[in-house]
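Notes to accompany the following structure.
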Amino acid sequence: MASPLVSETESPYRRFRVSPNDEFIDEEEESDRVFMTMTDRDGSILYERESLPLLNEIVRQNDLKALEQYFTSAPWAVPKAPNGEGELSERTDYFLLAVESGSLDILQRLLTNATRDTVSAQPMRFKTRGFQLLNEAARYGHIEIVQFLLDHQPLYASIQDRDTKGYTAILSATDVYSDRYCYKAKWDEVCLENNEAIINLLLDRGACASDTILPINDIEKTPDTVLTLVVKWAGPELIKRLIDCGADVHAAVTKWTEDVGLRNSFASVSGVNALAISCYHANFKAAETLIDCRGVGVDAASMACSRDSLGGLPLHWVTRNELPDEFERIPKSMLQERVRNITSLIELLLDLDPTAVNTQDRDGFTPLHYATETFGRNSKLYTPIFELLCKRGGDASIRNNKGQTPLHTLFGRWMTKVPVDPAAISVLLAHGAKVTDTVAGNTPLHIAAGNLHFADAVSFLLDHGADPAVKNLSQATALHRAASGGSWMRMAKLHDKYAKGKESNGELLSYLVSPLSNCDFLMGLAIYGPTQEITFQDRHFLLLNLAANCDHIDIVRFLLDNQPLYAGIHERTWSKMTAILPAADAYNITRRNPISSQESFDRKEAVMNLLLDRGACASDWAGPKLIKRLIDGGADVHTKVRQCANHQDQDWWNNHGDVRNVTAIFIACLYGNLGAVKTLLDYRGNGVHIVDMIRSRDSRGRLPLHYATRNRSRFPGSPEDKIQTMKKIIELLLDIDPPAINVQDHQGNTPLHYATKEFGHRGKLCLPIFKFLCDKDADASKRNNKKETPLVALFSWPCSATPWDREAIATLLAHGSEVTDADEDGNTPLHFAVQNLYQVDTVSYLLELGANPVTRSSKFETPLHRAAVGRVPRVENPDRAATEKTVHQEKMLAKLVEFGGDTLMNLPDGEGRSVRQICQEQRKKWKEDEDHSWRVRNGFGRGTGTWLRQLKL
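For the sequence shown, counting from 1, position 203 maps to 203 in UniProt numbering; every step adds exactly one.
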């Protein structure tokens, strides 16, 4: 069962210790209502909110003790048993949540509570709430809950019960990668071995192997059987058992075309058998088993020749097997296994029916059409499949009902980022395809030119006779397609090959401003120049705003010169922005590449000055002259804005929603714009005292000084220059208001906390900041709301490969911090430092200063326990990652043992594990990570079987 074990020392409910009322500083916003409170295991108060997230977490943790306490404090929250068809559904059904979470103890208690007041043991079913307990437990692979429910038939479940989707329990267990359920298990929660064990258990208890999903409306016919679901992922043993128990190998079902890789006008395809589905999911062993178990009197070749309602053979289904959109993240070994499975299936089916290689379905597609359309976007890896089909007689000159040859469909996925393999083109040309073949006038070159990642393929087609001057029925050449794709490098390549010379700028511009081009025509205007009138209708953007945001000053000038024909300086977008706003937003998070070069800043400032010259109504990067001009034009220095926590580089480690009451001086300090800070202070206005500006706070209680110590400067220059600028801003602010040095925000952080937390991992680079703050009387003994001193905060980034600076540590110790400082969880600087196994020298320094390697945290962990699960920020050789990490781990532990004695290795933590045991577990994990690093990083499941055991295709 997947329910987590609840530690006796660590509370999983710490995030509920903050009252909702404390999180809303702004009186304009209403705080979340506190529904009830209860006491955590250490005596802390836990606050429940309107949506009952605390109760949800208790159920997920399978924490029976906490549940009893919760229901004692809030008896109104005890879930009720289903009471019939007319009951109102709750936002969260805790019976269902317990099943989904694998929380057997919680489920048993909820069921006991629900039946306590009943006169007799009436069967309890949850179909009126949209689910059945047994079906959900089977679907999520929680075998202990399935066993419990089967043992309590018919009280809580029945093996033949169907849910609202028409599933019995065995159908739910087989539908691991469901398309019909709104909520399904996450990939890292799927364990196919559990589902297989549950299916066998259900069969042992009398489940029907021939069950079929019942249609839930008049449109559906036969959605799926147990066998058509299980062949997606199961091995031969389970499939054979199902067939022996009555599953029909030849039973046909109906599938939605969009779910099985068909892109046609038909909504569904019927007559789909288990062999076709196993082929579509590249489960070679399943397909082989189905053919072997076809039954008496059935010829194997007839199975390979069986067609669905759209004329598709199993071979068509094999060649439609698809990858997810981000397949480039999939381990190459898994892709190679998939190619082997597909190749084996093609060989198997063509050995049974060689003529199938050129058989066309109702859309005129041959297997080669589907293969090029599906696998063409996968670069070189799948070229062997095209070679195999052509070697077995595949004809690349055959056209489908749209007139496409396989060479056209090879480029059909024009939005992919993966290049087409020129070798694949060569194979098709050698077996009947031609570069001159057209569909509605479109040659393969037309299609390839629309994708900037097909540059090599475009060159290959041109080298083999493709004509870039050919026009389609819309009078567009391949050059037009390249223009709409935004690849000017590819346009130049086509121009060089263009037999008739360059077409007129006017013709190109008329295409660039078409709906296909969107923003790409801006580059066209800049390159080719405006030569004719252009009108724009029904656009979802404003030309002037886009040009200003992209810093195209020539386009901005052209549009302004042609007001109001093409633009208006005061026009606003749907987001109420005039052109000067996107022009000023150099760091907009929507920009693909936020600007950082001096040339870019100069260009953007020139655009803003041009807009101001033309009457635009009045920043964190601009110089004093531009800021003065904006203020003179009416910009308000004291305007307060609201910013998203993930916008404008707000601190990720202190994310509590939007930040309000942010004025321009906060932003100027954050981005290290010294000139802007001085200008804003000088132009603060009459009647505004300069100290009041420095003491203004945002909604989190932070001063401009707090922002200055979290510097995010993107100005050109060396890191040392940026640090010096940051120091000058801090000095300017403290000269005006010296007491600000130790002001704490609502989280208790002083400027020194922010500086150490933000820059402590950067080594000696930021030492001048720490020294300067301390020289200005910063108190390094101050603690924030988490009881962290600046020294503890210094080590809060344990993943850096840069050594912590000894002089920075010494500076903090000299101004109030102690090497024994601990946060609210009892973690000392040594606890944090040892987690970075690179930092043996820093740990040695802390130990020399008196850090105690025996100190335990609230989890009863010593620094050695932390070191045992420490991290290595960077490995030199990924193939030897486990060995490298082990070496670093041994060095760190040896240093700790040197100061604390060898007996520390045997001390248990809160879970009773010694350091030696944890080391063994960690090293085993490192080895597994090394062997399966791709699968672990990308979450492709925990099994090690076939491709279908890792990923739904």
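Beta carbons are placed, not taken as given, at the ideal position from N, Cα and C, and that holds for glycine.
Rounded to whole angstroms, the gap between the alpha carbons of V59 and P53 is 10 Å.
Inclusion of L767 and A780 in the CB contact set at 8 Å is not warranted, their separation being larger than that value. The beta carbon of D361 lies closer than 7 Å to those of L310, G311, G312, H316 in the same chain, with the five residues before and after it left out.
In its chain, beyond the 5 residues on either side, R139, K165, D175 have a beta carbon closer than 8 Å to the beta carbon of Y181. DSSP places P419 in the coil class of the three-state scheme, outside both helix and strand. Sequence-distant partners of Y156 (beyond 5 residues in either direction) whose C-beta falls short of 7 Å from its own C-beta, in its chain, are L111, M124, L133, L149. Looking from the CA of I199, the closest CA among E824, T477, S172 belongs to S172. Following the DSSP letters along the chain, one finds R660 in no alpha helix (DSSP H) but inside the beta strand (DSSP E) bounded by residues 659–662. Excluding the 5 residues flanking it on each side, D437 has same chain C-beta neighbours closer than 6 Å at T405, in chain order.
For S268, the enclosing beta strand (DSSP E) starts and ends at 268–272. For V253, the uninterrupted beta strand (DSSP E) run begins and ends at 253–256, by DSSP. By the C-beta criterion, the stretch 890–901 is judged to be in contact with the stretch 862–871, since at least 3 inter-stretch pairs fall below 8 Å.
CA-to-CA, the gap between C279 and L349 works out to about 10 Å. Annotated three-state conformation of R180 is coil, per DSSP. By the neighbour-count criterion, in which 16 or more other beta carbons inside 10 Å mark a residue as buried, G870 falls on the buried side. A direct Cα-to-Cα measurement between V18 and A822 gives close to 21 Å. The C-alpha of C774 is placed about 17 Å away from the C-alpha of I736. The Cβ-Cβ distance between R14 and P82 does not fall below 8 Å. In this structure, V249 places its C-beta atom within 8 Å of the C-beta atom of L290.
For E193, the enclosing alpha helix (DSSP H) starts and ends at 192–204.
Non-local C-beta neighbours of R697 in its own chain, meaning closer than 8 Å and more than five positions away in sequence, comprise N661, L703, D745, ordered along the chain. By the criterion of a C-beta distance shorter than 8 Å, T39 is surrounded in its chain by I45, L46, Q69, once the five residues flanking it on both sides are discounted. Taking 8 Å as the cut-off, the Cβ atoms of Y671 and H706 do not count as close. DSSP lists R871 as the bridge partner or partners of N836. Looking from the CA of A209, the closest CA among K221, S178, Q563, I159 belongs to I159.
By the criterion of a C-beta distance shorter than 6 Å, I398 is surrounded in its chain by T366, once the five residues flanking it on both sides are discounted. Boundaries of the beta strand (DSSP E) harbouring M38: 36–39, taken from the DSSP string. Residue K859 holds the alpha-carbon nearest to the alpha-carbon of G910 among K859, W76, L201, V231. Note: I736 is not bridge-paired with any residue in the DSSP secondary-structure output.
The residue among Y845, K776, L837 with its C-alpha nearest the C-alpha of D805 is Y845.
Under the 10 Å beta carbon count, N562 is surrounded by fewer than 16 other beta carbons and is classified as exposed. Between V915 and A868, the gap from beta carbon to beta carbon is short of 8 Å. Each residue's CA atom was taken as its position, placing T828 and R695 some 33 Å apart.
In this structure, the beta-carbon distance from N836 to S800 falls below 8 Å.
Remark: C-beta atoms of P79 and A114 approach each other more closely than 8 Å. With contacts defined by Cβ atoms closer than 8 Å, I690 and L681 form a contacting pair.
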